[in-house]
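A.B. asks: Handing you a structure now.
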Amino acid sequence: MNLEIKTVSTPRDERYNAQAVEQKWSERWRSNSSLYAAEAHPTKPKYYVLEMLPYPSGALHMGHVRNYAIGDALARYMWMSGYNVLHPMGWDSFGLPAENAAIKNNTPPRQWTLGNIAAMKKQMKRLGFAYDWSREVTTCLPDYYRWNQWFFLKLYEAGLAYRKKSRVNWCPQCATVLANEQVVGGMCWRHEDQPVEQRELEQWFLRITKYADELLRDLDKLQGWPEKVRTMQQNWIGRSEGTQVDFDLGGTVGAAGSTISVFTTRVDTIYGATSIQLAPQHPIISDMIGRDAALRAQVEELIAQQRRARETGDIGNIEKHGVFTGRLAKNPFNGEAIPVWVANYILMDYGTGAIMSVPAHDERDYEFAKKYGLEIRLVILPSNMDEEETMTAPPLPYTPIDGMLVNSGEFSMLSCADAIKKMTQRAEEKGFGKATVTYRLKDWGISRQRYWGTPIPMVYCDKDGLVALNEKDLPVILPDNVPITLAGGSPLASVPEFLNTTCPKCGGPARRETDTMDTFVDSSWYFYRYADARNDKAPFDGAKIDYWFPIDQYIGGVEHAILHLIYSRFWTKFMRDMGLIKNDEPVQRLFTQGMVIKDGAKMSKNLGNVVSPDEMVARYGADATRMYSLFAAPPDRDLDWQESGIEGIQRFLGRVYRFYLKYSVETRLDAAPAGSVPPSGETGQAPSLQAEPLSNEARALQRKLHQTIKRVTSDFQGRWHFNTCIAAIMELVNDIYGAETAFTDGRIPSSLIGELQRDIALLLAPMAPYISHELWEMAGETSNLLKAPWPKYEAALAAEDEIEIPVQVNGKLRGLIVVSSEAGDGDLERAALADAKVQAAIAGKQVVKKIVVPKKMVNIVVR
RNA sequence: GCGAGAGUGGCGGAAUUGGCAGACGCACCAGACUUAGGAUCUGGCGGGUAAAACCGUGGGGGUUCGAGUCCCCCCUUUCGCACCA
67 MNLEIKTVST PRDERYNAQA VEQKWSERWR SNSSLYAAEA HPTKPKYYVL EMLPYPSGAL
127 HMGHVRNYAI GDALARYMWM SGYNVLHPMG WDSFGLPAEN AAIKNNTPPR QWTLGNIAAM
187 KKQMKRLGFA YDWSREVTTC LPDYYRWNQW FFLKLYEAGL AYRKKSRVNW CPQCATVLAN
247 EQVVGGMCWR HEDQPVEQRE LEQWFLRITK YADELLRDLD KLQGWPEKVR TMQQNWIGRS
307 EGTQVDFDLG GTVGAAGSTI SVFTTRVDTI YGATSIQLAP QHPIISDMIG RDAALRAQVE
367 ELIAQQRRAR ETGDIGNIEK HGVFTGRLAK NPFNGEAIPV WVANYILMDY GTGAIMSVPA
427 HDERDYEFAK KYGLEIRLVI LPSNMDEEET MTAPPLPYTP IDGMLVNSGE FSMLSCADAI
487 KKMTQRAEEK GFGKATVTYR LKDWGISRQR YWGTPIPMVY CDKDGLVALN EKDLPVILPD
547 NVPITLAGGS PLASVPEFLN TTCPKCGGPA RRETDTMDTF VDSSWYFYRY ADARNDKAPF
607 DGAKIDYWFP IDQYIGGVEH AILHLIYSRF WTKFMRDMGL IKNDEPVQRL FTQGMVIKDG
667 AKMSKNLGNV VSPDEMVARY GADATRMYSL FAAPPDRDLD WQESGIEGIQ RFLGRVYRFY
727 LKYSVETRLD AAPAGSVPPS GETGQAPSLQ AEPLSNEARA LQRKLHQTIK RVTSDFQGRW
787 HFNTCIAAIM ELVNDIYGAE TAFTDGRIPS SLIGELQRDI ALLLAPMAPY ISHELWEMAG
847 ETSNLLKAPW PKYEAALAAE DEIEIPVQVN GKLRGLIVVS SEAGDGDLER AALADAKVQA
907 AIAGKQVVKK IVVPKKMVNI VVR
């Protein structure tokens with residue numbers, strides 16, 4: 067073993083040629099199309115790792131690369147850990163950009179989209195992502211969207227899809243309706259500067275509110291989701307418990323006995339209600355206005371104020387305005403008649419669009435009452451006051467719910483909580499109100515007046531009215547050659563061959579629905595399709611879902627925290643209730659990675675700070691590009707792209723490569739006695755090194771290797787700080803270079819070199835697949851690295867013999883002692899007191915206390 | 001305004017449980033090898049000092065033998081929500 071190891075001369079071309087190596091392995095992988103294929107298996111443990119599928123815009127950006135680099139590293143690690151891994155990819159390929167491109171370039175959306183998919187798929191393959199392409203899902207193709215239509219029919223049958231005329235969000239630039247979830251701060255989610263307009267349209271809705279409670283409740287099950295996302299969904303659902311109370315208008319409006327219903331969470335304050343406030347859009351107002359042109363103008367002005375505030379983005383700070391309608395409404399609790407106003411701070415979309423105004427106990431009502439001189443009547447006192455102080459009124463408005471009622475008839479002296487119960491009960495008994503739960507969540511409007519989406523499988527018949535198609539008539543194929551404009555209504559309405567059809571019921575002439583579905587329908591269930599992507603009889607086979615679901619790890623941007631992820635949860639619950647699947651939730655663990663930024667700002671074409679993945683791959687290779695995206699920051703944080711950083715990774719990979727080149731299998735075989743190099747590490751276990759004692763240098767390297775395996779493994783299993791994984795491997799490689807002389811003079815045995823080379827290839831495999839495969843081969847291995855067992859560390863080999871312990875005097879570092887890792891408290895203390903620097907620091911002082919933390923530190927307290 | 005996260009060298013970031021602050025990488029400086037170096041290898045690199053001392057994790061207080069880490073107050077910043085009755 068001590069024979070000298072021949073070193074290979076170092077020719078100029080020893081630089082690692084990433085392009086050549088990556089091309090070599092690309093070709094090998096291409097010729098084996100089933101490399102990453104997975105099949106449901108009755109006994110193998112499964113792992114479903116999923117990255118959010120991209121919109122095929124034409125080119126990947128760095129955010130995609132980062133997302134997929136994380137997912138791919140995890141998938142590869144799980145393969146190496148023995149799991150049956152499902153790692154699919156697809157295309158969220160319906161949507162408006164294809165139509166915009168069509169208008170701009172005069173290219174049909176289908177052609178443009180499929181071209182983009184081809185280009186991006188090529189990029190993904192070049193980056194070496196290990197996807198099972200046999201399961202590819204392309205949502206704009208009929209073999210996928212026919213199941214959207216199928217689900218729609220099921221939803222319609224179940225009463226969960228319905229059509230109604232309603233006020234909807236309209237983006238003039240998209241020339242279509244938007245779901246509530248697609249309106250961000252009053253602006254279109256695709257056009258940040260475009261205020262959303264309100265229009266009255268007939269629309270298709272999905273009754274997601276049926277699941278509002280379950281969607282909220284089951285958030286508790288999602289412990290593997292970021293707290294932030296759960297909170298966002300909780301706020302979005304916005305469940306609020308309260309009481310609905312009917313105020314009688316005393317026949318002053320419309321039919322005698324008509325009422326205004328208000329929703330309140332604080333029915334206990336109702337004796338303090340001194341007015342009713344209506345949203346300007348409240349339907350009862352049209353009855354009130356009658357021929358009062360002045361009032362009509364004032365109400366319209368309130369609506370205009372709301373619109374302006376929404377457009378300037380400060381709807382939250384709108385200056386409150388209101389107008390008295392001239393009507394009075396009777397408070398059913400005390401019979402008092404109070405004025406009915408219309409105010410611009412009341413929202414029609416929430417609750418009943420009407421409130422009882424209690425200025426003494428609500429900030430907004432207080433502000434309004436002050437401005438218009440309405441009565442402010444105190445009905446709640448803080449209950450925690452001392453006896454003598456109970457008569458002191460609190461500063462108004464007093465909003466806490468921990469008080470006690472006063473001036474509230476028979477309910478006076480009750481606590482707020484008791485009063486809410488008793489008063490709600492009274493309202494129910496007397497029939498003028500009831501306990502109510504309201505949600506901020508609204509039904510999901512899915513109609514889009516666009517071409518490039520899934521046709522809705524409904525027809526309008528003059529005789530039978532609205533008729534659903536039969537399943538056998540699916541798919542309704544989206545026609546090609548449709549003239550696309552962003553003006554006026556659905557493009558499909560201008561295609562007679564599409565529009566005109568026959569009624570499935572009576573066979574007479576009928577017209578098809580010309581709206582298409584929101585693309586979020588496509589992405590609400592696509593990950594189920596991956597489990598059985600080529601099924602042409604059903605969206606999927608339930609048994610396959612039972613095996614693969616729930617998704618073990620879903621990875622994507624936090625921007626989908628509400629839209630996509632709440633719709634997906636809804637769809638899962640609906641499919642479960644249909645009996646198609648058994649799981650309640652689609653995703654076990656969710657990971658939201660940070661953004662990729664450059665020069666302090668998100669990469670964008672406008673800022674000109676976009677870094678192209680293609681360029682990086684061409685310059686540094688796919689491995690370096692991927693690995694840098696893992697190294698530059700922990701994956702949950704934003705990543706600041708610095709080109710000099712990727713050069714560092716490139717340098718590192720070259721350093722690793724040269725180690726294999728210099729101590730190649732051939733030179734090692736020359737040097738070592740026959741048979742001393744163990745056969746390929748089929749078990750992943752360290753070869754036995756017991757044969758003869760190791761040199762100190764060899765032992766140190768072996769220890770470092772096992773420590774590195776330990777660190778990398780624990781990061782993969784736990785917190786996914788790939789940056790520290792890579793740093794650990796860099797340290798190991800630095801140590802190898804630092805032991806150069808030990809390598810050349812034979813103190814590092816061949817067997818250890820082999821172990822180092824095999825294990826480093828394995829450790830790098832999830833993060834830098836190309837070079838790892840090359841290194842694996844260079845280390846003399848012929849097995850498939852993708853499924854080679856992940857290396858195991860041995861605690862005994864990772865353990866330090868001697869450790870360096872800091873010694874503090876009064877909490878300040880004064881010395882370092884080197885002791886055996888087995889050293890006890892007494893040994894540590896003696897060694898610490900014997901240290902010259904420590905002695906100097908405590909000289910002439912009295913030792914008050916000695917704190918010894920085993921294996922960590924010693925602190926001597928002196929006075 | 002409410003909620004959540006973040007603030008550490010010139011830069012990206014380490015420090016997993018209260019125990020040597022700055023791992024690893026970049027940038028920079030020096031050296032080696034070289035016809036050459038934008039390759040490679042070695043060393044240095046928070047401030048401060050001749051060397052020490054000392055000072056250093058946004059600011060101020062506190063708990064502790066010991067605080068980047070825990071507690072209180074404040075500042076800055078990112079993200080989400082925002083008249084939700």
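Residues in the first sequence are numbered consecutively from 67, following the working numbering. Note that the Cβ used here is the ideal one computed from N, Cα and C, for glycine as well.
Quick check: what's the CA-CA separation for D468 versus W145?
C.D. replies: The residue given as residue 468 occupies position 402 in the first sequence. The residue given as residue 145 occupies position 79 in the first sequence. D468 and W145: Cα-Cα distance of roughly 57 Å.
A.B. asks: Where does I136 fall in DSSP's three states?
C.D. replies: Taking the first sequence and counting its residues from 1, the one referred to as residue 136 is at position 70. Looking at I136 - three-state DSSP - the assignment turns out to be helix.
A.B. asks: Of all the options A485, D704, N301, V406, which has the alpha carbon lying nearest to the alpha carbon of V445?
C.D. replies: Walking along the first sequence from the start, residue 445 turns up at place 379. Answer by Cα proximity: A485.
A.B. asks: For M118, which residues of its own chain have a beta-carbon under 6 Å away from its beta-carbon, when the five flanking residues on both sides are left out?
C.D. replies: The residue you call residue 118 lines up with position 52 of the first sequence. These residues qualify, in order along the chain: G622.
A.B. asks: Can you tell which of Q269, L267, N235 has its C-alpha closest to the C-alpha of C254?
C.D. replies: For the purposes of this step, residue 254 is taken as the residue at position 188 of the first sequence. The shortest Cα separation from C254 among Q269, L267, N235 belongs to N235.
A.B. asks: Do R734 and I819 have their CB atoms nearer than 8 Å?
C.D. replies: By one-based count along the first sequence, residue 734 stands at place 668. By one-based count along the first sequence, residue 819 stands at place 753. Yes, the pair counts as a contact, with Cβ atoms nearer than the cut-off.
A.B. asks: Quick check on DSSP: helix, strand or coil for S849?
C.D. replies: Translated into the one-based positions of the first sequence, residue 849 becomes position 783. Reduced to three states, the DSSP call for S849 is coil.
A.B. asks: Between G497 and I543, what straight-line distance do the alpha-carbon atoms span, to the nearest angstrom?
C.D. replies: Taking the first residue of the first sequence as 1, we reach residue 497 at position 431. Taking the first residue of the first sequence as 1, we reach residue 543 at position 477. Straight-line Cα distance between these residues: approximately 53 Å.
A.B. asks: Taking 6 Å as the limit between beta carbons, can you name the residues of its chain near R506, skipping five residues before and five after?
C.D. replies: Within the first sequence, the letter at position 440 stands for residue 506. Closer than 6 Å at Cβ, skipping near neighbours: G304.
A.B. asks: Count the C-beta pairs between the segment 871-878 and the segment 848-856 that are closer than 8 Å, then say yes if the count reaches three, no if not.
C.D. replies: Not touching, per the Cβ criterion.
A.B. asks: Suppose the cutoff is 6 Å on Cβ atoms and the five residues either side in sequence are ignored; what does the same chain contact list for I837 look like?
C.D. replies: Along the first sequence, one-based indexing puts residue 837 at 771. Cβ neighbours of I837 beyond the five flanking positions: D689, L719.
A.B. asks: Assign M641 to one of two classes, buried (16 or more other C-beta atoms within 10 Å of its C-beta) or exposed (fewer than that).
C.D. replies: For the purposes of this step, residue 641 is taken as residue 575 along the first sequence, with counting starting at 1. M641 should be labelled buried.
A.B. asks: Once you ignore the five residues that flank F636 on each side, which residues in its own chain have a CB closer than 6 Å to its CB?
C.D. replies: Your numbering for residue 636 matches position 570 in the first sequence. Answer for F636: I274, Y277, listed in chain order.
A.B. asks: Where DSSP assigns a beta bridge to C254, which residues make up the other side?
C.D. replies: If you number the first sequence from 1, residue 254 lands on position 188. Paired residue(s): V249.
A.B. asks: Could you check where the alpha helix (DSSP H) with N789 kicks off and where it finishes?
C.D. replies: The count along the first sequence starts at 1 and reaches residue 789 at position 723. First-last of the alpha helix (DSSP H) with N789: 788-804.
A.B. asks: I need the DSSP call for P463, collapsed to helix, strand or coil.
C.D. replies: The residue you call residue 463 lines up with position 397 of the first sequence. Note: P463 maps to coil in three-state DSSP.
A.B. asks: Going by C-alpha to C-alpha distance, which of I336, K922, R393, Y337 sits closest to G356?
C.D. replies: Sequence index remark: in the first sequence, residue 356 carries index 290 (1-based). For the residues I336, K922, R393, Y337, the minimum Cα distance to G356 belongs to R393.
A.B. asks: Go ahead and pull the three-state DSSP assignment for F697.
C.D. replies: Numbered from its first residue, the first sequence carries residue 697 at position 631. F697 falls in the helix class under three-state DSSP.
A.B. asks: Look up E454 in the DSSP assignment and say whether it is helix, strand or coil.
C.D. replies: On the first sequence, position 388 is the one that residue 454 refers to. Confidence at E454 is low in this model, with a pLDDT of 49, below 50, so its placement is unreliable and the value that follows should be read with caution. DSSP places E454 in helix when its eight states are reduced to three.
A.B. asks: Where are the beta strand (DSSP E) runs, 3 residues long or more, that stay fully inside the segment 531-585, in chain order?
C.D. replies: Qualifying beta strand (DSSP E) stretches, in chain order: 531-534, 566-568, 575-578.
A.B. asks: Tell me where the alpha helix (DSSP H) around G308 begins and ends.
C.D. replies: The residue you call residue 308 lines up with position 242 of the first sequence. Where G308 is concerned, there is no enclosing alpha helix (DSSP H), although the beta strand (DSSP E) it sits in stretches over 306-314.
A.B. asks: Per DSSP, which residues does S886 bridge with? Please list them.
C.D. replies: Here residue 886 refers to the residue found at position 820 of the first sequence. Paired residues: E868.
A.B. asks: Got a sec? Which residues, its chain only, sit under 7 Å from V653 by beta carbon, not counting five neighbours each side?
C.D. replies: What you label residue 653 is simply residue 587 of the first sequence in a count that begins at 1. For V653, where only same-chain residues beyond five positions count, the Cβ hits under 7 Å are P616, I617, Y620.
A.B. asks: In its own chain, which residues sit with a C-beta less than 6 Å from the C-beta of A889, not counting the 5 before and 5 after it?
C.D. replies: Numbered from 1 along the first sequence, position 823 holds the residue referred to as residue 889. Cβ within range, chain order: n/a, list empty.
A.B. asks: Taking DSSP as the reference, what is the three-state secondary structure of F593?
C.D. replies: Residue mapping note: residue 593 aligns to position 527 of the first sequence, counting from 1. Helix.
A.B. asks: By the three-class DSSP mapping on this structure, what secondary structure does D158 have?
C.D. replies: Counting from one through the first sequence, the residue named residue 158 turns up at place 92. Here D158 sits in coil by DSSP.
A.B. asks: Which class does V295 belong to by DSSP, given the choice of helix, strand or coil?
C.D. replies: Within the first sequence, numbered from 1, the residue matching residue 295 stands at position 229. It is helical.
A.B. asks: Strictly by DSSP, which residues pair up with Y620?
C.D. replies: Here residue 620 is taken as the residue at index 554 of the first sequence, counted from 1. L116, L656.
A.B. asks: Whose C-beta lies closer than 6 Å to the C-beta of S341 among residues of the same chain, with five residues either side of it excluded?
C.D. replies: Taking the first residue of the first sequence as 1, we reach residue 341 at position 275. Correct list, in chain order: I404, P405, W407, S423, L440.
A.B. asks: Using the Cα positions of K915 and N925, report the straight-line distance between them to the nearest angstrom.
C.D. replies: Here residue 915 refers to the residue found at position 849 of the first sequence. Here residue 925 refers to the residue found at position 859 of the first sequence. Their backbone Cα atoms lie some 8 Å apart in a straight line.
A.B. asks: Among D704, A224, N133, which has the Cα closest to the Cα of G645?
C.D. replies: The sequence position of residue 645 within the first sequence is 579, counting from 1. Taking only the C-alpha atoms, the option nearest G645 is A224.
A.B. asks: In angstroms, rounded to a whole number, what distance separates the CA positions of E266 and Q659?
C.D. replies: By 1-based counting over the first sequence, the position of residue 266 is 200. By 1-based counting over the first sequence, the position of residue 659 is 593. Roughly 39 Å separates the two Cα atoms.
A.B. asks: Determine the closest residue to L219 out of N800, A808, I522, with distance taken between C-alpha atoms.
C.D. replies: Position 153 of the first sequence, counted from the first residue, corresponds to residue 219. Answer by Cα proximity: I522.
A.B. asks: According to the neighbour-count rule (16 or more other Cβ atoms, all chains shown, within 10 Å of its Cβ), is A135 buried or exposed?
C.D. replies: As a working mapping, residue 135 is identified with position 69 in the first sequence. The residue in question, A135, is buried, as its Cβ has 16 or more Cβ neighbours within 10 Å.
A.B. asks: Closest to P108 by CA distance: which of P700, M796, Y686, I611 is it?
C.D. replies: The residue you call residue 108 lines up with position 42 of the first sequence. Comparing Cα-Cα distances from P108 to each of P700, M796, Y686, I611, the minimum goes to I611.
A.B. asks: Assign I46 to buried or exposed, taking buried as 16 or more other Cβ atoms, counted over all protein chains shown, within 10 Å of its Cβ.
C.D. replies: Residue 46 lies beyond the range of the chain shown here (67 to 929); nothing can be said about it.
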